[in-house]
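Numbering (the working numbering), first residue to last: 372 to 713. Built from N, CA and C at the ideal position, the CB exists for glycine as well. Working notes, structure below.
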Ligand SMILES: NC(=O)c1ccc[n+]([C@@H]2O[C@H](COP(=O)([O-])OP(=O)(O)OC[C@H]3O[C@@H](n4cnc5c(N)ncnc54)[C@H](OP(=O)(O)O)[C@@H]3O)[C@@H](O)[C@H]2O)c1
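Set out below in structure tokens:
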């Protein structure tokens with residue numbers, strides 16, 4: 372029997388007599404990592420199609436960095452013009468279902484799930500039912516929590532935008548980072564020959580993820596007359612379009628997903644230039660804005676179950692150290708992903 376929240380019952384999953392507040396990592400203003408602090412907030416309430424999750428762990432990703440800084444500025448139209456509307460940071464989550472809305476059919480109290488929450492750096496978060504999937508077997512909460520944003524982005528970039536085919540020659544920039552560490556493993560699982568681009572410090576890591584070739588961008592230029600690629604996933608380094616064109620075969624595709632870290636108003640300048648150029652050149656240039664979908668999480672779980680994908684979790688931080696975790700991400704030295712554990 373599913374434990375649904377009925378009229379008059381607690382929509383925030385509280386047992387009788389339990390306090391309504393929770394610990395959370397918040398920021399009241401946009402800014403650098405110093406704006407983050409731990410505080411108490413009201414436990415979120417759920418709507419009919421939502422699930423309340425007791426957070427086991429939350430993943431840290433570049434999107435959450437953008438939410439912290441409020442850059443690029445255009446995003447503030449959705450997140451709050453002068454101050455963030457939702458003060459609790461965090462999107463990726465893995466945890467245990469504490470309560471479900473009246474229209475939820477896929478999950479019930481006690482289920483372990485992972486997916487996209489709203490403010491997951493807290494003891495409790497809320498997620499739409501359609502943005503969740505059952506926890507992948509054999510993973511800890513911290514490992515599962517670093518999958519959704521980066522894993523789904525890599526999957527959609529390869530499968531949907533890139534239409535990857537077995538036997539293709541695929542180049543992945545940022546291969547030792549969040550998206551890249553999934554993209555290398557998934558491209559191998561799709562049967563491609565994979566070249567990862569990263570700094571010297573991450574070459575061993577990228578090799579260990581299964582890359583056939585590794586380019587150290589501090590010593591070599593992947594567009595400098597070497598092999599040509601059928602597909603390039605461009606999530607780091609902001610290569611110019613002419614460099615991407617030089618590195619692609621004449622019918623190749625470049626999927627541009629990496630932003631310019633808030634350097635302009637929309638953060639999408641390079642992507643928009645690529646879209647404008649694409650109709651006039653033989654190669655395809657696409658921009659990707661990843662979607663939050665439960666079925667993609669299930670496909671990622673399948674890759675994990677059959678041994679093709681292992682989340683690359685460098686380390687975990689407690690909730691009190693979210694600012695420190697954010698500074699580590701900002702430094703660019705994270706090997707794969709970091710998690711926040713509750
Ligand atoms: N479009 C979407 O929907 C979407 C979704 C998720 C993320 N993103 C964007 O994608 C980008 C990457 O995200 P992420 O989560 O993977 O970030 P991340 O975890 O910080 O990884 C970025 C990686 O890029 C590497 N890098 C830096 N300069 C490079 C260069 N010139 N060539 C190759 N690698 C370089 C960094 O390490 P090393 O320099 O040590 O190699 C780092 O490992 C961000 O801009 C993010 O906003 C977009």
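Sheet register partners of residue i (DSSP bridge)
i: residue 658; result: 627
i: residue 395; result: 410, 493
i: residue 712; result: 428, 689
i: residue 463; result: 430, 487
i: residue 684; result: 708
i: residue 505; result: 484
i: residue 541; result: 565, 602
Where residue i sits in the DSSP three-state scheme
i: residue 499; result: strand
i: residue 531; result: helix
i: residue 483; result: strand
i: residue 390; result: coil
i: residue 676; result: helix
i: residue 647; result: helix
i: residue 637; result: coil
i: residue 476; result: coil
i: residue 510; result: coil
i: residue 520; result: helix
i: residue 536; result: coil
i: residue 701; result: helix
i: residue 665; result: helix
i: residue 546; result: coil
Cβ shell of residue i (< 7 Å), same chain only, five flanking positions each side left out
i: residue 633; result: Confidence in residue 633 is poor, its pLDDT being 47 and thus under 50, which makes the residue's placement unreliable; the coordinate value appears in the next sentence. Closer than 7 Å at Cβ, skipping near neighbours: 437, 440, 442, 443.
i: residue 649; result: 655, 656
i: residue 408; result: 397
i: residue 558; result: 529, 535, 541, 543, 565
i: residue 508; result: 676
i: residue 486; result: 464, 498, 502, 503, 504, 519, 665, 668
i: residue 686; result: 709
i: residue 689; result: 712
i: residue 674; result: 557, 560, 680
i: residue 478; result: 422, 468, 471, 484, 500, 503
i: residue 595; result: none
i: residue 699; result: 705, 709
Cutoff 8 Å; reference residue i; Cβ partners in own chain excluding five residues on either side
i: residue 605; result: 544, 615, 625, 626, 627, 628, 629
i: residue 646; result: 656, 657, 658
i: residue 590; result: 571
i: residue 393; result: 411, 412, 413, 414, 493, 494, 495
Whether residue i touches residue j by CB criterion (9 Å)
i: residue 573; j: residue 549; result: no
i: residue 512; j: residue 562; result: no
i: residue 424; j: residue 522; result: no
i: residue 705; j: residue 492; result: no
i: residue 684; j: residue 707; result: yes
i: residue 464; j: residue 430; result: yes
i: residue 514; j: residue 395; result: no
i: residue 668; j: residue 553; result: no
i: residue 415; j: residue 468; result: no
i: residue 400; j: residue 454; result: yes
i: residue 459; j: residue 417; result: no
i: residue 636; j: residue 449; result: no
i: residue 682; j: residue 510; result: yes
i: residue 697; j: residue 390; result: no
i: residue 462; j: residue 482; result: no
Ligand 3 heavy atom lying under 8 Å from the CB of residue i
i: residue 433; result: Annotation note on ligand 3: not contained in the displayed structure, which lists ligand 1 as its ligands.
Beta-carbon contacts of residue i that lie in its chain and below 6 Å, excluding the five residues immediately before and after
i: residue 532; result: 626, 657, 659
i: residue 457; result: 490
i: residue 567; result: 543, 546, 555, 577, 582, 585
i: residue 601; result: 539, 540, 620, 623
i: residue 701; result: none
i: residue 691; result: 409
i: residue 663; result: 487, 502
i: residue 642; result: 627, 658
Where in the segment 550-632 do unbroken runs of the beta strand (DSSP E), each at least 3 residues long, occur, reported from the N-terminal end onward? 564-569, 584-587, 600-605, 619-627
For the segment 435-459, list the alpha helix (DSSP H) runs that are entirely contained and at least 4 residues long, ordered along the chain.
447-450
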